[in-house]
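Here's the structure, in structure tokens; my notes come after.
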Amino acid sequence: MLCNQYDNSTGQYVISFLADIDPMNPARWLIPAFCTTKPLPERAPMTWPFWKDGDWALLPDYRGVRLYRTDTGAPAEITKAGVTPDDAGLTMTPRPSEEYVWRDGKWVVDEAVVARNERQAAMNAFMSRMEKARAKNLGKADALAAGQLDAVERALFDAWAQYQMKLVRVVEAPDFPASLAWPAEPDEAAIRDEVDAKLRREHTPVPDRGVQDGIVEGQATARDPGAQTELSS
């Protein structure tokens, strides 16, 4: 005779074993307490037999199933039969990303989290650009005030200072970071070329007007010798 044992407090099926024959009555089987000879039912996956009200009932069994917390998305598990994921605040569906929250029985995008992440990413980009711009002008403010920078250095200092202000205006915009458009970094090579060209123009001597007129008249005489004869007479 096969006996099926169940937990005396929960009714959860524990084990099956062969009953012993009553030594005082060979025609009778010894059935221990909290056991039944009623056969176990056919059980579907993720179910477990429980002895309830004199009969076997199949309750959910998620032991060994990988589950996830609906509050954090962290992996979790159920260690007792008869407990559903809903009972434990769990789900079989992994959280797609940190931008999702559990709502109405499913993972949905949390717009507030998305907006916060977008702003944080934009601020990280701002700080990276600002740190680079500050490094370009690091230690040069006093030298600029004392007139110790040459023309190229002054132009580069001004360009990076203006770039910093443009960055600040971006993050101070009312719709930041929705309309994010970072300014282009100063083109140092182009700035050097522009300053060098300006300096060359400033240092190129301008011919005297009278000398220039004499040169023009001499060139005209050389082209027309008769004109010189006419002038001499």
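Counting from 1, position 174 in the sequence shown corresponds to residue 354 in the working numbering; the numbering is continuous, with no gaps. For each residue, glycine too, the CB sits at the ideal point set by N, CA and C. This one's a predicted model, so the numbers in the text were calculated from it and none came from an experiment.
In the three-state reduction of the DSSP assignment, residue 348 falls in the helix class, which pools H, G and I. Residue 271 is classed as buried because its beta carbon has at least 16 other beta carbons within 10 Å across all chains shown. Restricting attention to 372, 296 and 363, the CA atom closest to the CA of residue 335 is found in 372.
Between residue 228 and residue 186, the gap from beta carbon to beta carbon reaches 8 Å or more. Within the same chain, 199, 200, 201 and 202 come within 8 Å of residue 210 by CB-CB distance, once the 5 residues on both sides are set aside. About 6 Å separates the Cβ atoms of residue 226 and residue 242, confirming a contact at the 8 Å cut-off. Ranking 254, 261 and 267 by CA distance to the CA of residue 273 puts 254 first. Excluding the 5 residues flanking it on each side, residue 221 has same chain C-beta neighbours closer than 7 Å at 229, 236 and 238, in chain order.
For residue 202, the secondary structure class from DSSP, reduced to helix, strand or coil, is strand.
The shortest C-alpha to C-alpha distance from residue 344 to any of 355, 195, 204 and 363 is the one to 363.
Here the C-alpha atom of residue 232 lies approximately 11 Å from the C-alpha atom of residue 188.
According to the DSSP assignment, residue 235 belongs to the beta strand (DSSP E) that extends over 235–240. Excluding sequence positions up to five before and after residue 337, its CB lies within less than 6 Å of the CB of 317, 320 and 324, all in the same chain and listed in chain order. Per DSSP, the continuous beta strand (DSSP E) segment holding residue 249 begins and ends at 247–249.
Counting along the chain, residue 317 sits inside the alpha helix (DSSP H) bounded by residues 291–317. Counted as a single uninterrupted DSSP element, the beta strand (DSSP E) harbouring residue 283 occupies residues 280–283. Boundaries of the alpha helix (DSSP H) harbouring residue 324: 321–325, taken from the DSSP string.
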